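Line by line, the protein sequences give chains F, Z, V and A.
Convert by adding 18 to the 1-based position in the first sequence; the result is the number in this note's numbering.
Convert by adding 18 to the 1-based position in the second sequence; the result is the number in this note's numbering.
Convert by adding 294 to the 1-based position in the third sequence; the result is the number in this note's numbering.
Convert by adding 294 to the 1-based position in the fourth sequence; the result is the number in this note's numbering.
Where a beta carbon is used, it is the ideal one built from N, C-alpha and C, also for glycine.
All values derive from a computational prediction rather than experimental measurement.
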Amino acid sequence: MAADTERPQAPFGRRLCEVVDSRPTGGYRIFTLVDGQGPAPAPGQFYMLAAAPDWAAEGGRPYLPRAISHARVSENVSGGLRLDFLIHEVGPGTSRLARMGSGDQCWVAGPFGGRFSLPRDLNPAAAGAILVGGGIGIAPMAVLRHELVDRGIPSRSLLGFRDQSHSGGVDELFGCEETRLAFEDGSSGHKGYVTDLLLQLLEGDDAGSAAVYTCGPPAMLEAVRQICLQRSVPVELALESPMACGYGACFGCAVPKADGGYLRLCIDGPVVRGDRIATAMAGEPAID
Amino acid sequence: MAADTERPQAPFGRRLCEVVDSRPTGGYRIFTLVDGQGPAPAPGQFYMLAAAPDWAAEGGRPYLPRAISHARVSENVSGGLRLDFLIHEVGPGTSRLARMGSGDQCWVAGPFGGRFSLPRDLNPAAAGAILVGGGIGIAPMAVLRHELVDRGIPSRSLLGFRDQSHSGGVDELFGCEETRLAFEDGSSGHKGYVTDLLLQLLEGDDAGSAAVYTCGPPAMLEAVRQICLQRSVPVELALESPMACGYGACFGCAVPKADGGYLRLCIDGPVVRGDRIATAMAGEPAID
Amino acid sequence: MTEIDLATDICGIKLTGPVLNGSGTFDALAASRVFGDALLEDFPFDCYVSKTITMNPRPGNPPYRLWETPSGMINSIGLPGPGLDGFLDRDLALLSELEVPLIVSVMADSSEDFEVLVERVAARDEVDAIELNVSCPNVHSGLIVGEQPSETEALLKALRPITAKPLIVKLTPNVANPQEIAVGAEEGGADAVSMINTVKAAAVDPDSSRAWLGVGAGGLSGPAVRPIALAQVRVVSAAISIPVIGMGGITDSESALEFILAGARVIAVGTENFRDPRAGSEVTAGLPAALTRRGFGSLAEAQSVTFG
Amino acid sequence: MTEIDLATDICGIKLTGPVLNGSGTFDALAASRVFGDALLEDFPFDCYVSKTITMNPRPGNPPYRLWETPSGMINSIGLPGPGLDGFLDRDLALLSELEVPLIVSVMADSSEDFEVLVERVAARDEVDAIELNVSCPNVHSGLIVGEQPSETEALLKALRPITAKPLIVKLTPNVANPQEIAVGAEEGGADAVSMINTVKAAAVDPDSSRAWLGVGAGGLSGPAVRPIALAQVRVVSAAISIPVIGMGGITDSESALEFILAGARVIAVGTENFRDPRAGSEVTAGLPAALTRRGFGSLAEAQSVTFG
Ligand SMILES: Cc1cc2nc3c(=O)[nH]c(=O)nc-3n(C[C@H](O)[C@H](O)[C@H](O)COP(=O)(O)OP(=O)(O)OC[C@H]3O[C@@H](n4cnc5c(N)ncnc54)[C@H](O)[C@@H]3O)c2cc1C
Ligand SMILES: Cc1cc2nc3c(=O)[nH]c(=O)nc-3n(C[C@H](O)[C@H](O)[C@H](O)COP(=O)(O)OP(=O)(O)OC[C@H]3O[C@@H](n4cnc5c(N)ncnc54)[C@H](O)[C@@H]3O)c2cc1C
Ligand SMILES: Cc1cc2nc3c(=O)[nH]c(=O)nc-3n(C[C@H](O)[C@H](O)[C@H](O)COP(=O)(O)O)c2cc1C
Ligand SMILES: Cc1cc2nc3c(=O)[nH]c(=O)nc-3n(C[C@H](O)[C@H](O)[C@H](O)COP(=O)(O)O)c2cc1C
Ligand code: FES
Ligand code: FES
């Protein structure tokens, strides 16, 4: 048997980590865990999280842990890592996680999955990176942005939101770094889709020197993927799919491959090249 | 259809009540709810309780509400009733209730079930009452004792415990009233069973003028019942049985009647006359 | 929100809404003792289903009869009841005070007894329909009637001539293909099926090494079985043209609507009544918002969905 | 606590303890990619059961394949895999690095294909036993093999002569009387049964009005089904003399022990692996205390209990 050595490797099993902070941010929530055992995660990786001890709330759910990308990582002064997570409450699992407060315990497994490639590995001609984030999809983009800054690789961040109540985390995760924002409701920045901003950039830029990274809602991902494929711009997407385990055990996280069959998103992703998959909207009900 | 008018009647449905206090007591726990809607409960009645919102803890249980007798009732200064409950943690339901703290919400239905008779109604010759409580079974005894005191009816309280860690609530619920204690481990009071104290009393007393009330573990209840039946002393027992609903809907709380068939403990009890039932230990696995 | 119409019907019986109780999960007589007038003034269901009635009085099973499981419960109640005479002479008059239609559930272990039950119950004006609880062995064939399409069909053929009132068959989920039983019921002349009854289940005493329930095993109900019930409603409603009364783990308007989308015409609340005596009213109260959220303008629109 | 002996065996295969994994709930190859050497050093099971292998490679079902339910989950994975050749040529050599016995699960839709699978898998020294996943339709009769005692018996009779290695039949819970299938398996020559597989279940998309799972329905697993599994283990183990591998919602040593008391010889952890990759080790770690609390001096004592 062979381990994947190119990615930070998760400790075997799950571990209890303490919540040390939790705060609202623009309709979302950010909380911070201290992880004393895991390695520093790479951009694009995710964790499986479950509040302890009362994971199941009224109604017997949540039951399975939830896949959540880290939104920021830093060293903790008294040892271990501080991991930030950005949460959008959409159901029992994310609601329960969002209700955790300082001093609470959380089951953590991971970091799981693979990382974003560096721009040069994605496109040998890449001058820099274009990051396209939507909604809570800005979390992995923020992590990637920080790594690129550390490595001195230029990047531009385009962030799209439905409205102000779906725009949490920008200030905190992107800080004073330059970002271009799009709001569908026009409440700030560009009025419209973030893909409008991407199209502007790719038209202005030499599309041949671009490397695009994106994370966000399925429809946005598919739009970004199509834009890039049509222009032969290499693109990596951080996808979502229902996950029970996060480590390849359940085969639940199937995403259709471009050449037929499925990949397991938790171990073959969650970052995938745009040309490897058949669609970023698998499982979504077809639009009537 | 006819309502039971001789007992305080529960509001239809369940209601959220606030926990205003929770404290440990000798291995058990007491918590206090403020009930703004229900009538003052009578001695012997009970409530169906479920912590809100996270009733289900890890593992999908607790799921059903739990039957708990009130241990004390008083008027709340800002309106409503203060209800005290004495909890012995034996499984997921009682543990979850015991973990509620001030400010938490609890689902409450009730008061359910019928009340203890007054001594004269149990035995026309009764001079007073003998109360025999064991473990958390002291809670309904404390409520009955207070009513008897209010009515100027003499009573003696005999309380039995396995050891100090199963003796919570005595000081708080019985206050400075006179009680006789028995500890199986001899750590205080009489060394042995509380039924030893009962036998002493019934031998000293004119058994013909006694009325006995008891609540506690099934083996103790059955011993008290046998002692009284053998001496033709009228006795009322507050029994337990697994309850799903508390209001006669599920037929789960069956207790075998002396004359065959079963009664529904939640509506025909939980207080039953000793001679009405076949055993106070129904459902307990037979002793090998 | 615009007004959402919840009125509907089942086998021709007009209902103010789609919320029934599961047989044996709400004793209206006991509830009226406990809650008094409030019960009638604020009755939680649009139609009341009685506990299953048998020919002779039954004491029910020895304790323990209940155990809680993850997101559910097991019961082994064993159909305690006053028997047919006791029910007709006493309970039925009281139940007729309810201002909603009345369905009486009956069970027997022979076709002959079933015939007597149906005849005598149907003869009473207070009764709008009869539900046949067929999870019982045929005393002649030894086969469980509700496990065999042919037995179910034969029973219905025997009962159908007795009354013009609707006959509803309560299906057991403990079969490989419930749609075959439902087809048998329809072919025998049933007017509706109701489903699911409880799923066979057992529990171990936490302290001793014995079965917890007095009779060893019982039936599972509650949210734990909801996905099982939804799957069976899906295949059964696709296989028959008579309506389905859907139940199994319904706790709120959202889960009630799931059953309607999966193919049920109306639904019943069972175990949730134990957690909340007004659970039926809570389900009804939330239905307009649940329908609106999914884009339906009326209950009828949701009822007409063909589920994938 | 005194030392509690957990050593046992299943169909003659010696095991350090009674904890297996459920087929398809732990991919040792993927886990070793993710967790590295720690997996082999701290392997969570006393015996490893492979995901079900089919004759030809299969992509599995279209998404979505998972949905969470109250205390459980539904899956419609659809047996993705490399097919027999891919398994024998690649996976099997890697799996043989595990220091525990290996059971290979196989499924086919004809007796002929089953014969090929059993013959070629059994021929490999790395393999200690074969588990037959029989929840598949017989291509000739159209009947689901595992739903019919006669089909199950016939299949076993065809396969029995092929190998001396133990044949284990994985029973489906979606039948009225699983003990009849188990008896058929025993009479056909099976060495053990394993149970339960998942319970048929469906879910409604929370947003649209369609089925959530890509193929409409799937199988329920997790604590929600534990009471169902315990009831089936109870009746099956009483009906046969070959051992039962018990599973269905086992989450900890207490629930594992419940299966052993109900009649299972050894147990398997399935869905709980998804919540905790080391769930198998946690179950094992807690077993001595769980046995002691109920007054057992060894695993063998608990295995010998006759359940009421
Ligand atoms: C690799 C990965 C990283 C993620 N990172 C984050 C993160 O940083 N922050 C965050 O808030 N969420 C993140 N998610 C999403 C998060 O895991 C889901 O929103 C969560 O599982 C939903 O659980 P719930 O109980 O709150 O809602 P549920 O009730 O389970 O779902 C609510 C609704 O969301 C839809 N849905 C749920 N899960 C999925 C899914 N996996 N794919 C598509 N639709 C789904 C369903 O239509 C459902 O109606 C990530 C998911 C993956 C796979
Ligand atoms: C009318 C009435 C009044 C009660 N008053 C109180 C009270 O004031 N304070 C208090 O702490 N408890 C009281 N109880 C008992 C309490 O309801 C149970 O202990 C509780 O339901 C157990 O739930 P659990 O989840 O904590 O434990 P579970 O896991 O449900 O049970 C733990 C153990 O207790 C046993 N058990 C559980 N329920 C019963 C039962 N009803 N009868 C017999 N054995 C049982 C089982 O053997 C099991 O091993 C009362 C019960 C009734 C019926
Ligand atoms: C305590 C209890 C008693 C029941 N009694 C009956 C009964 O007498 N007749 C019947 O047809 N079904 C009976 N049922 C089954 C319910 O009507 C219903 O079919 C089942 O519980 C599933 O619904 P639920 O999950 O909402 O409870 C009973 C269920 C429970 C829990
Ligand atoms: C995601 C998933 C995949 C499964 N795949 C298989 C399989 O390939 N073969 C098989 O025999 N059983 C399979 N099962 C069934 C399990 O082995 C087990 O019988 C069932 O899940 C009940 O146990 P549990 O509740 O502990 O999960 C699968 C179960 C799940 C949840
Ligand atoms: S989430 Fe289980 S295999 Fe990917
Ligand atoms: S607890 Fe339900 S009838 Fe008594």
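Neighbour flag for residue i against chain F, beta carbons, 7 Å
| i | result |
| --- | --- |
| G78/Z | yes |
| R569/A | yes |
| S365/V | yes |
Among the options, the one whose alpha carbon lies nearest that of residue i
| i | options | result |
| --- | --- | --- |
| T492/A | S502/A, G574/A and S429/A | S429/A |
| A70/F | G589/A, D570/A, S592/A and R587/A | D570/A |
| E202/F | L177/F, E195/F, A225/F and L220/F | L177/F |
| G270/F | P353/A, L300/A, R327/A and F329/A | P353/A |
| D407/A | L524/A, L514/A, G542/A and N427/A | N427/A |
| N471/V | L524/A, A495/A and A452/A | A495/A |
Straight-line gap, residue i to residue j (C-alpha atoms, nearest Å)
| i | j | result |
| --- | --- | --- |
| S396/A | L309/A | Reading off the sequence, residue 396/A comes out as Leu, not Ser. Each residue's alpha carbon lies about 11 Å from the other. |
| E165/Z | A147/Z | 12 Å |
| L220/F | S227/F | 10 Å |
| V161/Z | S185/F | 56 Å |
| G557/V | L465/V | 15 Å |
| G377/A | R384/A | 11 Å |
| R84/F | L104/F | 13 Å |
| A45/Z | Q182/Z | Looking at the sequence shown, residue 45/Z is not Ala but Gly. If I take the Cα positions, the gap works out to 8 Å. |
| M66/F | E362/V | 29 Å |
| C50/F | T112/Z | The question names Cys, yet the displayed sequence has Thr at residue 50/F. Taking the straight line from one Cα to the other gives about 32 Å. |
Contact with chain A by residue i, beta-carbon distance below 7 Å
| i | result |
| --- | --- |
| P260/F | yes |
| D306/F | With a pLDDT of 37 at D306/F, under the threshold of 50, the modelled position of this residue cannot be trusted, and the question is left open. |
| V398/V | no |
| A300/F | yes |
| R528/V | yes |
| D189/F | no |
Buried versus exposed call for residue i [16 or more other C-beta atoms within 10 Å across all chains shown]
| i | result |
| --- | --- |
| K345/A | buried |
| R572/V | buried |
| S547/V | buried |
| V212/Z | buried |
| H434/V | exposed |
| A532/V | exposed |
| S259/F | buried |
Residue-level contact to chain Z via CB, residue i, 7 Å cutoff
| i | result |
| --- | --- |
| S344/A | no |
| D277/F | no |
Neighbour flag for residue i against chain V, beta carbons, 7 Å
| i | result |
| --- | --- |
| C35/Z | no |
| A267/Z | yes |
| N468/A | yes |
| F179/Z | no |
Per-residue DSSP class, three states only, for residue i
| i | result |
| --- | --- |
| I561/A | strand |
| I456/V | helix |
| D422/V | coil |
| D407/V | helix |
| D22/F | coil |
| D306/F | Model confidence at D306/F stands at a pLDDT of 37, short of 50, so the residue's coordinates are unreliable and nothing is read from them. |
| K451/A | helix |
Neighbour flag for residue i against chain D, beta carbons, 7 Å
| i | result |
| --- | --- |
| P517/V | Any reference to chain D falls outside this structure, whose protein chains are F, Z, V and A. |
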